[in-house]
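As given, the protein sequences belong to chains V and R, one line each in that order. One rule links them: number in our numbering = place in the first sequence (from 1) + 6. One rule links them: number in our numbering = place in the second sequence (from 1) + 1. One structure is given below, encoded as structure tokens.
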Amino acid sequence: MTPLIVATLVAASLVGIGVYGFILHPHPLRKLLAFNLIGGGVFLVFGIVARRGSAAGLPFDPVPQAMVITGIVVAFAASAIAIAIIVRLYKLEGGVDLDPALPRKSDGESTES
Amino acid sequence: MNVQPFLDISLAALVIGVALFTIIAKDEFSAVVAYVAYGIFLAIVWVRLYAPDVALTEAAVGGGVTGVLLVMAGKRLDVSATMVVAKKPSVAFSAFVAACSILLAGSLAAVILSLPDAAPSLAPQAAAAAQGPGAGLGNPITAVLMSYRSFDTMLEKVVLILAVVGVWSVGADEAWGAAPAPFGPATPSDALLFLAKTLPPIGGLIGVHIFWTGADEPGGAFQGGALLAAMWMVAMMARLADPPPINSRWLRLALISGPAVFLAIGVAGAMLAGHFFAYPSALAKPLILFIETFMLLSIAVALPMLVAGPAARKGVR
Chain V
7 MTPLIVATLV AASLVGIGVY GFILHPHPLR KLLAFNLIGG GVFLVFGIVA
57 RRGSAAGLPF DPVPQAMVIT GIVVAFAASA IAIAIIVRLY KLEGGVDLDP
107 ALPRKSDGES TES
Chain R
2 MNVQPFLDIS LAALVIGVAL FTIIAKDEFS AVVAYVAYGI FLAIVWVRLY
52 APDVALTEAA VGGGVTGVLL VMAGKRLDVS ATMVVAKKPS VAFSAFVAAC
102 SILLAGSLAA VILSLPDAAP SLAPQAAAAA QGPGAGLGNP ITAVLMSYRS
152 FDTMLEKVVL ILAVVGVWSV GADEAWGAAP APFGPATPSD ALLFLAKTLP
202 PIGGLIGVHI FWTGADEPGG AFQGGALLAA MWMVAMMARL ADPPPINSRW
252 LRLALISGPA VFLAIGVAGA MLAGHFFAYP SALAKPLILF IETFMLLSIA
302 VALPMLVAGP AARKGVR
């Protein structure tokens, strides 16, 4: 059972590291990376559940694994939207910080060229 | 002496170390590069969990295509110029968040380790779907994706299209209908040009092979589609091809072909085979491969479009 215990520690650490970075990093790109780390940890939990559920002659339960495969693709799609919004924010505001108290490069007029 | 546990522990240390580095790295670019490496190492963890299909997806999508997306975003954001000026969180707050995160990770590990020993499993049903009237597929994952949980897979394709619509929607109004910004500079380096001329034929072949063997061996439309998408992106980076205009007819048809064919066959199943998304037994495997072919096309087109971003006017990167 050792690989399962090791995978458990990896999954839990990834979620912890991700939550830490997600809360503390001011840059939205880093927040996105941290959020994806949390996602990786959650997917690993699915993998552990799949491995524990081996039955019917299969070394794993294929249902959680199939869900992870669709999940990875959906996580990528969500990241792509997040990136598009961050890039758009940068083009409109000239910066990517999320702090509303900071002064903006321009209000109203777009900085797009 | 068995070295396997030591390899496992080293691998775990590697994954956790690289993940930690993406958080503590000084600049954004190092963090992105570390994240790509993390995706590859995580794929090896998936192999250790007897999940080669997930490992392929994680390496291709989680590491590869996401890496391209992040590197391109870094370039478009001009990360060195947009360093966030917000003040750093105080040491006390950082320590508090760190303590909470460690507590969270610890409790999560405790919960997973104390799961009951007789784990619930849907493996018998999935195996029945793989062997039974539904499919005749050797790969139980593909059987689950295409037969046992086919409606989920169809909806997941719809999510991809919605994401493309979402990315296109945040573009500037004036640029609507135009092509997304090109992937690379107008004059790519010779090395990249050579790579883009040599790699796609091989990568395309491997992508189609992974898709085709997916019926019986690890692989499938997701992994093969991601590889084809990567080959198209390599060609676009070397400017051998440019992203197509987002209002082009063939692009939109290719995007919707996967879920459209899937849904059409699902509805036909409701009339011919008894219930929604049921396949007639004799035709199950050819039908599944037929659907998967269009899914492959949709994925291979949707992933690069998600990376390319919204439409841009000429000359804007």
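Heads up, the beta-carbon is just placed ideally off N, CA and C, and yes, glycines get one too.
Coarse secondary structure for residue i, derived from DSSP in three states
i, result
"Ala312(R)", "strand"
"Pro6(R)", "helix"
"Pro181(R)", "strand"
"Asp118(R)", "coil"
"Ser249(R)", "coil"
"Phe277(R)", "coil"
"Asn140(R)", "coil"
"Ser60(V)", "coil"
"Pro52(V)", "Before going on, a small fix: residue 52(V) reads as Phe here, not Pro. It is helical."
"Leu15(R)", "helix"
"Phe94(R)", "helix"
"Glu218(R)", "coil"
"His31(V)", "coil"
"Thr199(R)", "helix"
"Ser190(R)", "coil"
"Tyr51(R)", "coil"
"Leu123(R)", "coil"
"Leu206(R)", "helix"
"Pro134(R)", "Confidence in Pro134(R) is poor, its pLDDT being 49 and thus under 50, which makes the residue's placement unreliable; the coordinate value appears in the next sentence. It is coil, neither helix nor strand."
"Phe66(V)", "coil"
"Tyr26(V)", "helix"
"Lys76(R)", "helix"
"Gly172(R)", "coil"
"Pro1(R)", "As displayed, chain R neither begins before 2 nor continues past 318, which places residue 1(R) out of reach and without an answer."
"Asp28(R)", "coil"
"Gly226(R)", "helix"
"Ala61(R)", "helix"
"Lys37(V)", "helix"
"Lys89(R)", "coil"
"Arg150(R)", "coil"
"Gly270(R)", "helix"
"Gly77(V)", "helix"
"Gly40(R)", "helix"
"Gly100(V)", "coil"
"Ala301(R)", "helix"
"Ala239(R)", "coil"
Straight-line gap, residue i to residue j (C-alpha atoms, nearest Å)
i, j, result
"Pro121(R)", "Lys76(R)", "46 Å"
"Val268(R)", "Val34(R)", "45 Å"
"Asp174(R)", "Met73(R)", "22 Å"
"Phe195(R)", "Leu229(R)", "18 Å"
"Leu43(R)", "Phe184(R)", "27 Å"
"Phe30(R)", "Leu71(R)", "9 Å"
"Ala144(R)", "Ala127(R)", "7 Å"
"Tyr51(R)", "Leu64(V)", "10 Å"
"Tyr39(R)", "Ile17(R)", "8 Å"
"Pro134(R)", "Ala222(R)", "Low local confidence applies: a pLDDT of 49 at Pro134(R) is under 50, so the model's placement there is unreliable, and no value is given."
"Gly68(R)", "Thr23(R)", "13 Å"
"Ser112(V)", "Leu98(V)", "With a pLDDT of only 49 at Ser112(V), under 50, the local geometry of the prediction cannot be trusted, and the value read off the model is given with reservation. Cα to Cα, Ser112(V) sits roughly 8 Å from Leu98(V)."
"Arg314(R)", "Val308(R)", "17 Å"
"Ile142(R)", "Pro53(R)", "10 Å"
"Gly63(R)", "Ala303(R)", "15 Å"
"Leu193(R)", "Ala182(R)", "19 Å"
"Val235(R)", "Phe28(V)", "31 Å"
"Val79(V)", "Ala255(R)", "18 Å"
"Asp28(R)", "Ile207(R)", "35 Å"
"Val171(R)", "Ala180(R)", "14 Å"
What are the residues in the segment 154-171 of chain R lying within 7 Å of chain V by C-beta distance? Thr154, Glu157, Val160, Leu161, Ala164, Gly167, Val168 and Val171
Going along the segment 64-84 of chain V in order, which residues come within less than 9 Å of chain R, judged by CB to CB distance? Leu64, Pro65, Phe66, Asp67, Pro68, Val69, Pro70, Gln71, Ala72, Met73, Val74, Ile75, Thr76, Gly77, Ile78, Val79, Val80, Ala81, Phe82, Ala83 and Ala84
The segment 162-180 of chain R / the segment 272-291 of chain R touching (three or more Cβ pairs under 8 Å): no
At a CB distance below 9 Å, what residues from the segment 39-53 of chain R approach chain V? Give them in sequence order. Tyr39, Gly40, Leu43, Val46, Trp47, Arg49, Leu50, Tyr51 and Ala52
I'd like to know if the segment 53-70 of chain V and the segment 210-218 of chain R are in contact, where contact means that at least 3 CB-CB pairs between them fall below 8 Å. no
Is it the case that the segment 245-261 of chain R contacts the segment 95-108 of chain R, given that we only count it when at least three CB pairs across the two stretches are under 8 Å? no
If you pair each beta-carbon of the segment 44-63 of chain V with each one of the segment 109-121 of chain R, do three or more pairs fall below 8 Å? yes
Compile a chain-ordered list of the residues in the segment 183-207 of chain R whose CB is closer than 8 Å to at least one CB of chain V. none
Taking one C-beta from the segment 288-298 of chain R and one from the segment 236-245 of chain R each time, how about it: are there three or more such pairs within less than 8 Å? no
Counting Cβ pairs closer than 8 Å, one from the segment 150-164 of chain R and one from the segment 91-102 of chain V, do we hit at least three? no
Cβ-based contacts, 9 Å cut-off: residues of the segment 16-28 of chain R near chain V: Val16, Ile17, Ala20, Leu21, Thr23, Ile24, Ile25 and Ala26
Taking Cβ-Cβ distances below 7 Å as the criterion, which residues of the segment 213-230 of chain R are in contact with chain V? Phe223
Which residues of the segment 90-101 of chain R have a Cβ closer than 7 Å to any Cβ of chain V? Give them in chain order. Pro90, Ser95, Val98 and Ala99
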